[in-house]
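According to mature numbering (1 follows the signal peptide of the UniProt record, and there is no 0), the residues represented by the sequence shown are -34 to -1, 1 to 142, in order.
Ideal Cβ positions, reconstructed from N, Cα and C, are used throughout, including at glycine.
Down below is the structure, laid out as structure tokens.
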Amino acid sequence: MIKRNAVTTFFTDRVTKALGLTLALMVACQSAQASLAADQTRYIFRGDKDALTITVTNNDKARTFGGQAWVDNIVEKDTRPTFVVTPSFFKVKPQGQQTLRIIMASDHLPKDKESVYWLNLQDIPPALEGSGIAIALRTKLKLFYRPVALLKDRKGAEEGISLQARPGCLPRHTGM
């Protein structure tokens, strides 16, 4: 009888501690949400344009947020700056907007195919009152560069694609 009570007490204490810890973590954890949001999920920089304009919105109703934006090459070995975001540092009032321009900095891109880059948008949270942790969230969006040579045949290109069903396979036919 003594062993059973000791075992029961041991497991009861462990379960109580585990439930207490779980409850404490659930109460302490808050969901993370980026305050700065871009107006699209991906962007296409057309080769016949000088710049691309994007809009960043502050979704917070009470606090002003800072932001930082820059473009990275997806191929990390290539460190040449291709695009520049201006302004690269900015401040957005509560529920306000900021317009950013992406400008081509150099012309070393291929002329016969699209290139892909990362557009980075990072929150700079306001200073906290008292103690706490401020987390800066970074959003990565795809930025495609479409050269002029691909623009002329692009309009209506999706209409030239057709599919034909066959037993056991689904081949793709392009009408181009």
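Classified as buried, Leu66 has 16 or more neighbouring CB atoms from the shown chains inside 10 Å of its CB.
Within the segment 14 to 76, complete beta strand (DSSP E) segments of at least 3 residues are found at 17 to 24, 31 to 39, 49 to 52, 55 to 58, 63 to 70, given in chain order. The C-alpha of Ala71 is placed about 17 Å away from the C-alpha of Asn86. For Lys121, the three-state secondary structure derived from DSSP is coil. Close CB contacts of Glu80 within its chain, under the 8 Å cut and outside five residues either way in sequence, are with Phe110, Tyr111, Arg112, Pro113, Leu116 (chain order). Taking Tyr9 as the centre and dropping the five residues before and after it, the same chain places the C-beta of Leu18, Ile20, Ile68, Leu85, Leu107, Lys108, Leu109, Phe110 closer than 8 Å to its C-beta, in chain order. A distance below 8 Å between beta-carbons, with the five flanking residues on each side excluded, links Asp14 to the following residues of its chain, in chain order: Val114, Leu117. Beyond the five residues adjoining it in sequence on each side, Thr(-13) comes within less than 7 Å, by CB distance, of no other residue in the same chain. Residue burial is scored here from C-beta neighbours: Asp16 has fewer than 16 other C-beta atoms within 10 angstroms and is therefore classed as exposed. Per DSSP, the continuous beta strand (DSSP E) segment holding Thr105 begins and ends at 104 to 112. Taking one beta carbon from each stretch, the segment 89 to 100 and the segment 19 to 39 have 3 or more pairs nearer than 8 Å; the two touch.
Of all alpha-carbon atoms in His74, Thr(-26), Ala102, the one lying nearest the alpha-carbon of Ala35 is that of Ala102.
Looking at the DSSP output, Arg8 shares a beta bridge with Lys108.
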